[in-house]
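Chemist:
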Amino acid sequence: MNHQNITDQEPVYVVNGLRTPQLKATGKPGPFSAGDLAVAAARQLLLTVPFSAQTLDEVIIGCVMPDASEANIARQIALRIGCDIKTPAWTVQRNCASGMQAIHSGMNSIRSGTADLVLVGGTEAMSRAPVIWSDDMVNWLTQLFSIRSHGINSIGQYLRQIVRLRPQFFKPVFSLLKGLKDPLVGLSMGQTAEILAARFNISRSEMDQYAQQSQQRLSQCITQGKLDDEVTSVYDLYNHFYDHDNGVRKDSSLIKLSRLKPVFDRSYGAITAGNSAQVSDGATVLILASAQAVKQHNLTVLGKLIDCHWQGLPPEEMGLGPAHAIPPLLDKFHLEIEDIDYWEINEAFAAQVLACQKALDDDDYCQKKLGLTHKIGKIPEDRLNIDGGGISLGHPVGASGSRIVLHLLKLLKRNTSPTKPLRGVASLCIGGGQGGAILVESMRPVQ
Amino acid sequence: MKTDYENWLVTIDNDQVVTLTLDKPDSSTNVLSQSVLIELQSILDELKTSSVSAVIFQSGKQNSFIAGADVNEFSLFQDKSNSYDAALHAIQTGQEVMNSIENLPFPSIALINGYCLGGGMELALSCNYRIALDHENSKLGLPEIKLGIHPGFGGTVRANNLLGVLKSMDLMLTGRVISVRSAKRIGLVDEVVAQRHFNKAARQCLQNIHSGKQITGQKKRPFYFSLLEMVFIRPLVAYILEHKVRKHINQAHYPAPFALLNLWKLYAGDKDLMMKKEAESVAALINSETAQNLIRVFHLQELLKNQGKITTADDHNINMPPQHIHVIGGGVMGGDIAIWCAYKGFTVTVHDKSNEVLSRLMQRANTFLKRKIKHRCLIQAALDRLIPDLKNNGLNKANLIIEAIIEDVSAKQHVFKEAELKANPDCIFATNTSSIPLDDISKVLQDPARLVGIHFFNPVARMPLIEVVTSTVTSDTVKNSAMTFSKAIGKLPLPVTSTPGFLVNRVLMPYLLEAIELYSEGIPAAFIDKAAKDFGMPMGPIALADKVGLDICLSVANNLAQYQNVKVPEILKEKVKNGYLGVKSSHGFYTYSKGRLVTQNLKYQGLSLSQVSNRLMFRLLNEAVACLDDKVIANEDFLDAGIIFGIGFAPFLGGPMHYIKHQGIAEMDHTLEDLSRDYGERFRPTIGWEHLMPMR
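Protein sequences, first through last, are from chains B and P. Sequential numbering of the first sequence, starting at -16, is according to my numbering. Sequential numbering of the second sequence, starting at 122, is according to my numbering.
#1: For a test of the three-state rule: what should DSSP assign to Gly104/B, helix, strand or coil?
#2: Let me check understanding here. Comparing Cα to Cα, which of Asp672/P, Asp597/P, Leu421/P and Phe419/P lies closest to Gly574/P?
#3: Tell me whether the beta-carbon of Tyr(-4)/B lies closer than 8 Å to the beta-carbon of Leu271/B.
#4: Report the neighbours of Ser480/P on chain B: residues whose CB is nearer than 7 Å to its CB, in chain order.
#5: Does the Cβ of Gly373/B have 16 or more other Cβ atoms within 10 Å, making it buried, or fewer, making it exposed?
#6: Classify Phe224/B as helix, strand or coil using the three-state DSSP reduction.
#7: Alpha carbon to alpha carbon, what distance is there between Pro4/B and Gly18/B?
#8: Verify whether the separation of the beta carbon atoms of Thr431/B and Gly96/B is less than 8 Å.
#9: For Met441/P and chain B, any beta-carbon pair shorter than 8 Å?
#10: Give, in chain order, every residue of the segment 448 to 467 of chain P whose Cβ lies closer than 8 Å to some Cβ of chain B.
#11: Return the CA-CA distance between Asn545/P and Ala519/P, expressed in angstroms with no decimal places.
#12: Output yes if chain P places a C-beta closer than 8 Å to the C-beta of Val22/B; else output no.
#13: In the segment 514 to 525 of chain P, which residues sit with their C-beta less than 8 Å from some C-beta in chain B, listed in chain order?
#14: Pull up the distance between the alpha-carbon of Ser229/P and that of Lys495/P, whole angstroms please.
#15: According to DSSP, is Lys654/P part of a helix, a strand, or is it coil?
#16: What first and last residue would you give for the alpha helix (DSSP H) that runs through Gly295/B?
#17: Can you tell me the Cα-Cα spacing of Asn(-15)/B and Ala256/B, whole angstroms?
#18: With a cut-off of 8 Å, does the C-beta of Leu30/B fall near any C-beta of chain P?
#19: What residues in the segment 538 to 551 of chain P bring their beta carbon closer than 7 Å to a beta carbon of chain B?
#20: For Asp134/P, count neighbouring C-beta atoms within 10 Å of its own C-beta (all shown protein chains included) and say buried if the count is 16 or more, exposed if not.
#21: Could you list which residues in chain P have their beta carbon closer than 7 Å to that of Arg58/B, in chain order?
#22: Between Ile764/P and Val628/P, how many whole angstroms is the CB-CB distance? I'm expecting something under 8 Å.
#23: Could you name each continuous beta strand (DSSP E) segment of 3 residues or more that falls completely within the segment 371 to 415 of chain B, going from the start of the chain to the end?
#24: Using a beta-carbon distance below 8 Å, is Ile500/P in contact with chain B?
#25: Below 8 Å, how does it come out for the segment 305 to 324 of chain P and the segment 254 to 267 of chain P: are there three or more Cβ pairs, yes or no?
#26: Quick check on DSSP: helix, strand or coil for Phe319/P?
#27: If you drop the 5 nearest sequence neighbours on each side, which residues of the same chain put their C-beta closer than 6 Å to that of Leu288/B?
#28: Straight-line CA distance for Asn743/P to Val590/P?
#29: By DSSP, does Asp597/P sit in helix, in strand, or in coil?
#30: Should Arg149/B be flagged as near chain P, meaning a C-beta pair shorter than 8 Å?
#31: At a cut of 8 Å, does the segment 662 to 675 of chain P reach the segment 701 to 716 of chain P through at least three beta carbon pairs?
#32: Take Met584/P as the anchor and find which of Thr593/P, Val599/P and Gly611/P has the nearest alpha-carbon.
#33: Note down, in chain order, each residue of its chain lying with its Cβ closer than 8 Å to the Cβ of Leu681/P, except the 5 sequence neighbours on either side.
#34: From Arg2/B to Leu28/B, what distance separates their C-alpha atoms?
#35: Going along chain P in order, which residues have a C-beta closer than 7 Å to the C-beta of Arg63/B?
#36: Taking the alpha-carbon positions, what's the Lys352/B to Pro428/B distance?
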C-alpha cells in the first residue's frame, strides 16, 4: 500500500448537491421513472450554481435497473437538463454502490484533466422494476409469433401451439427479487445478513434497537429542518407533490418492530422488513469541480473529495464490505478511527451495520481476515449514521452511494470546526461481495 | 423551357419530371400574389404542350408551403373605378391558373412542407396528389372566412368534391386550421411523410402511378357524398348547416358564411357553373364593408406583430429571446404564463410559496401540453423546460423576471427589491399588474428604468394581446425587449402608457358597468346581452362579466372608479358579497349548469334594443376617445387593434375609431350629448372628441 499525504492529493471539490425525497415502493409502479427523478434533482441543483448545464464537461450517473427505454440513462438525463449536445455522458453500475462509483469516476475525470465540471450521482426507481414473463412463456410466445399464416395450414399450427400452453407459464418473475439474489452463492442479500448475524451473535433485539434508532434519528433530523437544503420537492403530473422522505415511521416502536416476521429465512431468521433497508425510489446528484473550475467560476464549495477505495470479499458475507474497504483507505493516509469526525455506513440491514462495527473492533477478525496487526477500533455510535440511514430513509440501490456522500458533506459543513477541516468516511456493502469507502473533507471556514 | 422567373424556379430531370419551386423573393412566406399567378399561368401554358411526364409543386421556404393569396392586394380593388369588376378579374385569373393545373395531361403532385392555407390549399387541391410533411408546423386549412370572404380559386368546388359537403363546409365555415394527421384522416392529403423520406416521396408516388399501383388514400368517392348533393336533398342539408351557423353568426354582420352555403345549395350539381358563381360571390363579398374591415383587422394584427422585430442595429434588444424566464406567482395568471412560455420553447422557472399551487400547475401544464402538442417526445421536452421553483432560485439565473402575484403594491415592491439584489444586472423586470401604476412599484428600485409591464389577459393561451406598459422612466431598450419577447411567445404586443386601466380594462369597465346599471334598472340580462350582440359584440357584457368573474370585475371597478367618471353599482357589490361570482360559482347574473348558461326569457317592454345598445356602446366609445386623447396608445390604429384583440370588439366594424369615423364624428358627438341629457354626466363627450374634429 502506497502511503500518501492528504494534502498531496489533487483536490476534487463538490460544488453542491441535491436529492429528491426517497419514496417507498408500495407495490404498484411509482410516480416517477429513474430518469424523471434525476432530471428533477439536477434541474434544481443547477439553479443553485452560477453556471448553466451548458458548462458541464461530463455527466456520470449510477443506475442498476433503468427502464428498458433508458439505455445509458446518463445521456438522456444530460440532454433533458440542457447539457451541450457535445457533452459526453455515461452510466455506471457497481450494484449497491453505483452512486459512489459515479462520484469516483467523476473524480478520475477531473484528476486526469478530462473534465473540470462533472455532474455525478445516482438514481433508481425500484418500484418500477419490471415484472417479466418466465423463460417458458417467452419460448411459447416466440413460437406463436413465428407461425406464418398461410390460410388453412396455419389454423392447425395455432391450435397445436395453444395446446402446448401450461398454467404455470403465466407465473410472473419479479425482476426485483431476482436482482436481490446472488446466483453465484444462491443466497438473497437478506440471507447474507443472516450469516453475519450468526457469526457475530447479533440478536433480533439488537437489530430492532438499531432500526428504531435509525427511525428516531431521521425523524428528529426532519423535524429540525436539517434536510431542508439537501432535499428538493418533486411534482408528478396528477397534482401530487412529494417534499419529504416518506419511508420514515415517526410512530415506530420496539414493540411494533418485534411483531414483524422474518422475511428472508422464515423459520429461524431475525431479519425483518423493519430492520432492513426499504425498497425505494430516489435520485441524488452532485456537481464536482476541479480547482481550476472553482477559480474560473468563482465558486463557493461544499467540501472536498480525497480518495475512494474498493475491495472484494466473499459474496456470502458481502455485508462486511465496509469492514474491508475502510481500513486500507485509512491506512493510506495514516489515519486512525479517532481522526474521522463522522461516518456514514449504508444501512442495508441493521445486522450488517452492527456486524461491521463488531468486526472492526475485533482483534481476531482484523488479524485473520483483514491482515492487520490489531483491531481498528469502535466507530462511535454518536458519529455513525446520526441522521438515519437506509432503514428509515430507504435504499434506492443506484442512488444511495451518492446520497451518503452528499449527506456527509452537508453534515461536516454544518459542524465545521474553526481550526481544522472535518473529515468523514462514507461506505457501503455491495451485493456480489465488495465494499467501497470514500474519504471526504469539509472546507476550512474563511476567517 | 423558359426558366428565369422572379418567383418560380423551374427544373426538369432525366425522367421529364418538372419541379416548380415557389420562392417569393423578400418574404419569409409564399403568397399567391398576382405576379406569382401570372408567372404560373405562363409556365403552365408552356408545360401543357410539352413532352413533360409529370409536375411537382413545392416551396422554397422553410416549413411553409403557401400561406394564401396576397392580402395586401385585397384592398387595391377599392381604388379602381369599378371595384367589383376589378375583383372579379383578379379572382378569375386565379381560377384559371387552378383550372390549368387540373387540366394538365399528366400527373401533378403538391409537396406540402408546412403551412398550406387558403389559396395555397386551393393550388394543392388542383393537383392530383397531395403529400404532406409530418411536422408540427404542417397545418392546412381554408381560412378565407376570417377575412369576410370564402375560397375563390376553385376551392369551394374542389374541396366539396374531394371531402364531401360536411367536411368541406366544416373547414370553410370555421376557417380552422388542421394538422396533417387530421388532414390525412379526412382525405385532404394522400400521404403524410417523415422528413427523411420527403424528397423521395414524390418520385415514389410517380413510380406507383406509372406501374398502376393504387396511391394510399386515394379511394373512390363515397356514394353518400353524391347523395347529399342531390338536387332535392341539398336544400335540406343547407338548411341544417345554415341553422347551425346562425346560432353563432349574425348574417347582417358576416354575410360570407351564408353566401357560401347559398353557393353550394344552388350550384353544387354543376361544377362549371359553381366555379363561375364562386368567383362572382367572392368579388361581391370582397368589396363589402365587412370584408374590407376584416382585412383592416388583419393589417392591424401585422402592425402589432411587426413591432417585435429587431429592425436596426440600434434597437438593442438585451438577451432576447431570453435564455431563462423566471415567473413569480404560480396561480391562474402566473402559472398559465409559465406554461405558455414553456410551450413556446423557453426554459421557465416558476416560483410560488406553496407546493400545492406548484403541483396543480404541473397538472394543468400536462393537460394543456398534451392537447396542443402531437409528438410525445416534444411534450416531455416542454415539461422538462417548466421548472417548479419553491425556493425562488430562478431569480439568480433569469434574463426576464415576470411577476404575477396579488395586486398589492408593497408585495410587488418586495419582490422586485429582492430581485434587484440577486438578479443579473441586465435582467429585465416585468410585472403583470393590471391596476397598479408602474411608477409606484419601480420607485423603490435603484434602477427603475428596468421595470416594464407585460400585461397578459385571461386565459393566457387564448387571448392574443399583451399590453406592454411603460412607466415614466422605463428605458427604450427594456420596452423594445418586452415587445420582442411578446412576439417571441406568439402574442401581439400593444404599447401603452402606465395610466389607470391601461387601454383594455379602462375601455371595458364603463361598458360592463353600464350593462350592470341597465340590469339594476330592471332590464333582463339576456335583453342587454342581445343588444350588444346585435351591435356586433361576440359576447354580451353581462355574460362576459360572469365569465371574467364578478369579484375581479368589482376589484377592477373599484380601482378605476377613482379615476373615471363611474359609480360602482350596488348590485355588483351585493352579488360578490353573497358569493355570486359568475361562471366559477355557477351563479352570477345568469345561472350556469355544468359551465353552460341556462338561457333566460327575453320578454321586456321598455327601452328598445337599440336604445340599450347605444347606452352600452357609447360608454365604450367615449372612453376609447378619452384614451386616445390621453395618449394611452400612440394612435388610432393601435387603439383599434387593442380593443379588437383585447375585448373582441366587433371586428367586422374595423375597430372603435374606424367605426366612429365611418358613422361621422359630429353625429356621434351629437348622440353623446343627447344621451348625457337623458342619462347623466357619464355620457358627456370627453375633451378628446373636440380634438378629433377635423380643423375647419
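Glycine included, every Cβ here is placed at the ideal spot set by N, Cα and C. What you are looking at is a predicted structure, and each value in this text was computed from that prediction instead of being measured.
Modeler: To lay it out plainly:
#1: As a position in the first sequence, residue 104/B is number 121, starting the count at 1. Judged by DSSP in its simplified three-state form, Gly104/B adopts strand.
#2: The residue labelled residue 574/P in the question sits at position 453 within the second sequence. Comparing Cα-Cα distances from Gly574/P to each of Asp672/P, Asp597/P, Leu421/P and Phe419/P, the minimum goes to Asp597/P.
#3: As a position in the first sequence, residue -4/B is number 13, starting the count at 1. As a position in the first sequence, residue 271/B is number 288, starting the count at 1. Cβ distance < 8 Å, so Tyr(-4)/B and Leu271/B count as in contact.
#4: Working through the second sequence from its first residue, we reach residue 480/P at position 359. Near Ser480/P (Cβ distances below 7 Å), the residues of chain B are Tyr218, Asn222, His223 and Phe224.
#5: Locating residue 373/B in the first sequence gives position 390, where the first residue counts as 1. The residue in question, Gly373/B, is buried, as its Cβ has 16 or more Cβ neighbours within 10 Å.
#6: Counting from one through the first sequence, the residue named residue 224/B turns up at place 241. Here Phe224/B sits in strand by DSSP.
#7: Translated into the one-based positions of the first sequence, residue 18/B becomes position 35. Translated into the one-based positions of the first sequence, residue 4/B becomes position 21. Taking the straight line from one Cα to the other gives about 15 Å.
#8: Examination of residue 431/B is not possible in this model, given that chain B is present from -16 through 430 alone.
#9: Counting from 1 along the second sequence, the entry for residue 441/P is found at position 320. Not closer than 8 Å to any Cβ of chain B, the Cβ of Met441/P fails to qualify, so no.
#10: Flagged: no residues at all.
#11: Here the question's residue 545/P lines up with position 424 in the second sequence. Here the question's residue 519/P lines up with position 398 in the second sequence. Cα to Cα, the separation comes out at about 7 Å.
#12: Within the first sequence, the letter at position 39 stands for residue 22/B. For Val22/B, at least one C-beta of chain P is nearer than 8 Å to its own C-beta.
#13: Those residues of the segment 514 to 525 of chain P that come within reach of chain B (Cβ to Cβ, closer than 8 Å) are Asn514, Gly515, Asn517 and Lys518.
#14: For the purposes of this step, residue 229/P is taken as residue 108 along the second sequence, with counting starting at 1. For the purposes of this step, residue 495/P is taken as residue 374 along the second sequence, with counting starting at 1. Distance from the CA of Ser229/P to the CA of Lys495/P, rounded to the nearest whole angstrom, comes to 30 Å.
#15: Here residue 654/P refers to the residue found at position 533 when the second sequence is read from its first residue. Residue state, collapsed to three classes: helix.
#16: Locating residue 295/B in the first sequence gives position 312, counting from the first residue. Judged by DSSP secondary structure, Gly295/B falls outside any alpha helix (DSSP H) and instead within the beta strand (DSSP E) spanning Gly286 to Gly295.
#17: Here residue -15/B is taken as the residue at index 2 of the first sequence, counted from 1. Here residue 256/B is taken as the residue at index 273 of the first sequence, counted from 1. Distance between the alpha carbons of Asn(-15)/B and Ala256/B: 42 Å.
#18: Within the first sequence, the letter at position 47 stands for residue 30/B. At a cut-off of 8 Å between C-beta atoms, Leu30/B counts as an interface residue with respect to chain P.
#19: Using a CB distance below 7 Å, no part of the segment 538 to 551 of chain P faces chain B.
#20: Residue numbering aside, residue 134/P sits at position 13 when the second sequence is read from its first letter. Asp134/P comes out exposed.
#21: Stepping through the first sequence from its first residue, residue 58/B is reached at position 75. Within 7 Å Cβ-Cβ: nothing; Arg58/B doesn't reach chain P, min ~14 Å.
#22: Translated into the one-based positions of the second sequence, residue 764/P becomes position 643. Translated into the one-based positions of the second sequence, residue 628/P becomes position 507. Sure, about 6 Å apart at Cβ, within 8 Å.
#23: Runs found: 406 to 413.
#24: Taking the second sequence and counting its residues from 1, the one referred to as residue 500/P is at position 379. False, the Cβ-Cβ gap to chain B never drops below 8 Å.
#25: By the Cβ test, the segment 305 to 324 of chain P is in contact with the segment 254 to 267 of chain P, since at least three Cβ pairs between them sit closer than 8 Å.
#26: On the second sequence, position 198 is the one that residue 319/P refers to. In the structure shown, Phe319/P sits in a helix (DSSP, three-state: H, G or I).
#27: Translated into the one-based positions of the first sequence, residue 288/B becomes position 305. Take Leu288/B, set aside five residues on each side of it, and the residues of its chain with a beta-carbon closer than 6 Å to its own are Val(-5), Met90 and Val423, in chain order.
#28: To locate residue 743/P, count along the second sequence from 1; it is residue 622. To locate residue 590/P, count along the second sequence from 1; it is residue 469. Spanning the two alpha carbons is a distance of roughly 22 Å.
#29: To locate residue 597/P, count along the second sequence from 1; it is residue 476. Asp597/P: helix per DSSP, three-state reduction.
#30: Indexing the first sequence from 1 puts residue 149/B at position 166. So no, Arg149/B is outside the interface.
#31: Touching, per the Cβ criterion.
#32: The sequence position of residue 584/P within the second sequence is 463, counting from 1. Comparing Cα-Cα distances from Met584/P to each of Thr593/P, Val599/P and Gly611/P, the minimum goes to Gly611/P.
#33: For the purposes of this step, residue 681/P is taken as residue 560 along the second sequence, with counting starting at 1. Excluding residues within five positions, the ones whose Cβ falls inside 8 Å are Ser556, Pro621, Gly622, Asn626, Arg627, Met630 and Val687.
#34: The residue given as residue 2/B occupies position 19 in the first sequence. The residue given as residue 28/B occupies position 45 in the first sequence. If you take the alpha carbons of Arg2/B and Leu28/B, they lie about 9 Å apart.
#35: Your numbering for residue 63/B matches position 80 in the first sequence. Within chain P, Asp505 have C-beta atoms less than 7 Å from the C-beta of Arg63/B, given in sequence order.
#36: Start at 1 with the first residue of the first sequence, and residue 352/B comes out as number 369. Start at 1 with the first residue of the first sequence, and residue 428/B comes out as number 445. CA-to-CA, the gap between Lys352/B and Pro428/B works out to about 40 Å.
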